[in-house]
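Colleague:
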Amino acid sequence: MRRVAVGTVLQYWSSGVEALLPDALQSQLGELTRAFWQSLPQLALSCLCLIVTWGVSRLVSWSIATLLRRARARRSLIEVLQMIASVGIWILGILIAMTITFPSMTPAKILTALGLGSVAIGFAFKDVFENFLAGILILLREPFRLGDYVESNGIDGQIEEITVRDTHIRQTDGQLVVMPNALLFKNPVTVRTNKDFRRTTIICGVAYGEDVDEARDVIAQAVKKLDSVRDDVRDIQIFAREFNSSSIDFEVTWWTGSRPVDIRASRDQVVAAVKRALDDAGIEIPFPYRTLTFKGSGLDGVFGQTQQSDGAGDRVSETS
């Protein structure tokens with residue numbers, strides 16, 4: 001009963017609408033309705049084609065992931081190949097669906113139209129496509145990996161995520177920087193954790209009155225005892241560097257972990273150990289100081305000193 005009532009209402013409504021429309025418009029609506037019903041099987045077949053395309057895309061992506069994981073391929077490479085395969089399958093499926101829906105349109109005509117449109121789209125979205133292609137090349141070449149510490153364009157931090165458009169870098173102060181892949185692709189990138197170990201250097205000075213060879217041996221023994229110093233990777237190097245204003249400076253070089261926190265912790269241990277070792281050995285670590293000599297009878301009462309004057313007048317001299 002309800003279906004009959006609804007059908008009756010729709011029949012009266014359609015007849016009322018047709019009565020209000022002009023004959024020409026009624027004729028056009030009739031033609032559109034007939035065309036729709038005639039093309040309905042083609043639309044259904046096109047929808048079925050898209051559903052099949054979706055299923056094939058999922059199946060191919062799963063197959064690629066399964067095979068490459070067995071081959072122990074990089075995750076970034078798997079994602080790129082999955083994306084390329086899915087895009088290719090969807091383009092093919094959409095072309096077939098459009099050909100079914102519009103029989104007058106051949107794949108050649110569709111590709112020609114897409115080619116002309118892609119030129120305009122390419123100019124409009126130049127930066128987007130540039131970052132997209134740069135992301136694909138970065139994922140394929142893999143110059144750096146997730147977890148690496150990098151420095152580029154004034155940004156220093158750890159790689160958290162790499163996508164086809166941008167790369168997420170977590171700075172050492174906790175801030176997240178989302179950098180477009182085009183910048184990383186076109187500019188130099190320093191990968192600080194490319195290797196497990198990095199060389200670290202400090203400058204240590206001893207007084208001019210100390211024995212240089214003895215000071216070098218004391219520093220070397222102090223550095224070798226530390227756990228953070230990897231003397232099994234490379235030898236510790238200690239070179240007399242230069243004559244400074246108040247000291248002879250040594251350049252102390254050793255190898256430690258490549259992470260920033262490893263380097264800071266190791267440098268802290270080395271500085272403290274060298275300071276203790278030099279103090280225990282009685283070797284002076286100088287600091288800049290000045291000796292002021294005042295010459296003149298008017299200053300004797302101030303400083304409690306009596307100095308001979310050579311008649312040249314008051315004089316102030318500084319020595320370091």
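Its first residue numbered 1, the sequence shown is counted upward by one per residue in the UniProt record's numbering. No residue lacks a Cβ here, since even glycine has one placed at the ideal position from N, Cα and C. Only a predicted model underlies this, so the values are computations on that prediction, with no experimental measurement involved.
Contact defined as beta carbons within less than 8 Å: I believe residue 152 pairs with residue 198. What is the distance between those atoms, to the nearest angstrom?
Modeller: For the purposes of this step, residue 152 is identified with residue 152 of the sequence shown, where counting begins at 1. For the purposes of this step, residue 198 is identified with residue 198 of the sequence shown, where counting begins at 1. Rounded, the Cβ-Cβ distance is 17 Å, inconsistent with contact.
Colleague: Return the residue from the list 84, 53, 54 that minimises the CA-CA distance to residue 64.
Modeller: Taking the sequence shown and counting its residues from 1, one reaches residue 64 at position 64. Per the Cα distances, 84.
Colleague: Measure the alpha-carbon distance for residue 277 versus residue 249 and round it to whole angstroms.
Modeller: As a working note, residue 277 is residue 277 in the sequence shown. As a working note, residue 249 is residue 249 in the sequence shown. If I take the Cα positions, the gap works out to 16 Å.
Colleague: Please look up how many angstroms separate the CB atoms of residue 46 and residue 86, rounded, as I've assumed it's under 8 Å.
Modeller: Here residue 46 is taken as the residue at index 46 of the sequence shown, counted from 1. Here residue 86 is taken as the residue at index 86 of the sequence shown, counted from 1. No, residue 46 and residue 86 are not in contact; Cβ-Cβ is about 19 Å, not under 8 Å.
Colleague: Counting pairs of Cβ atoms below 8 Å between the stretch 126-140 and the stretch 160-173, do you hit three or more?
Modeller: yes
Colleague: Any idea which residues DSSP pairs residue 99 with across the strands?
Modeller: As a position in the sequence shown, residue 99 is number 99, starting the count at 1. Note: residue 99 sits in no beta bridge, so no partner.
Colleague: Please classify residue 313 as buried or exposed, where buried requires at least 16 neighbouring CB atoms within 10 angstroms.
Modeller: The residue you call residue 313 lines up with position 313 of the sequence shown. Unreliable placement is indicated for residue 313, whose pLDDT of 43 sits below 50; the coordinate value is still reported in the next sentence. Label assigned to residue 313: exposed.
Colleague: Which stretch, first to last residue, makes up the beta strand (DSSP E) that contains residue 180?
Modeller: In the sequence shown, counting from the first residue as 1, residue 180 sits at position 180. Looking at the DSSP string, the run of the beta strand (DSSP E) that includes residue 180 is 176-180.
Colleague: Between the alpha carbons of residue 311 and residue 208, how many angstroms are there, rounded?
Modeller: As a working mapping, residue 311 is identified with position 311 in the sequence shown. As a working mapping, residue 208 is identified with position 208 in the sequence shown. Any reading at residue 311 must be qualified, since the residue scores a pLDDT of 41, below 50, and its modelled position is unreliable; the value itself is stated next. Answer to the nearest angstrom: the Cα atoms are 34 Å apart.
Colleague: Would you tell me roughly how many angstroms separate the C-alpha atoms of residue 245 and residue 235, rounded to the nearest one?
Modeller: As a first step, residue 245 is located in the sequence shown; it is residue number 245 there, counting from the start. As a first step, residue 235 is located in the sequence shown; it is residue number 235 there, counting from the start. The alpha-carbon atoms of residue 245 and residue 235 are separated by roughly 29 Å.
Colleague: Between residue 212 and residue 290, what straight-line distance do the alpha-carbon atoms span, to the nearest angstrom?
Modeller: Counted from its first residue, the sequence shown places residue 212 at position 212. Counted from its first residue, the sequence shown places residue 290 at position 290. Answer to the nearest angstrom: the Cα atoms are 24 Å apart.
Colleague: Per DSSP, what kind of secondary structure is residue 12 in: helix, strand or coil?
Modeller: For the purposes of this step, residue 12 is taken as residue 12 along the sequence shown, with counting starting at 1. With a pLDDT of only 49 at residue 12, under 50, the local geometry of the prediction cannot be trusted, and the value read off the model is given with reservation. Helix, per DSSP.
Colleague: Do you know how far the Cα of residue 294 is from the Cα of residue 318?
Modeller: For the purposes of this step, residue 318 is taken as residue 318 along the sequence shown, with counting starting at 1. For the purposes of this step, residue 294 is taken as residue 294 along the sequence shown, with counting starting at 1. Since pLDDT at residue 318 reaches only 44, below the 50 mark, its modelled position is unreliable, and the value read off the structure follows with that caveat. Near 10 Å, if we compare the C-alpha coordinates of residue 294 and residue 318.
Colleague: Looking only at C-alpha atoms, which of 104, 182, 171, 59 sits nearest to residue 126?
Modeller: Taking the sequence shown and counting its residues from 1, the one referred to as residue 126 is at position 126. Among 104, 182, 171, 59, the Cα nearest to that of residue 126 is on 182.
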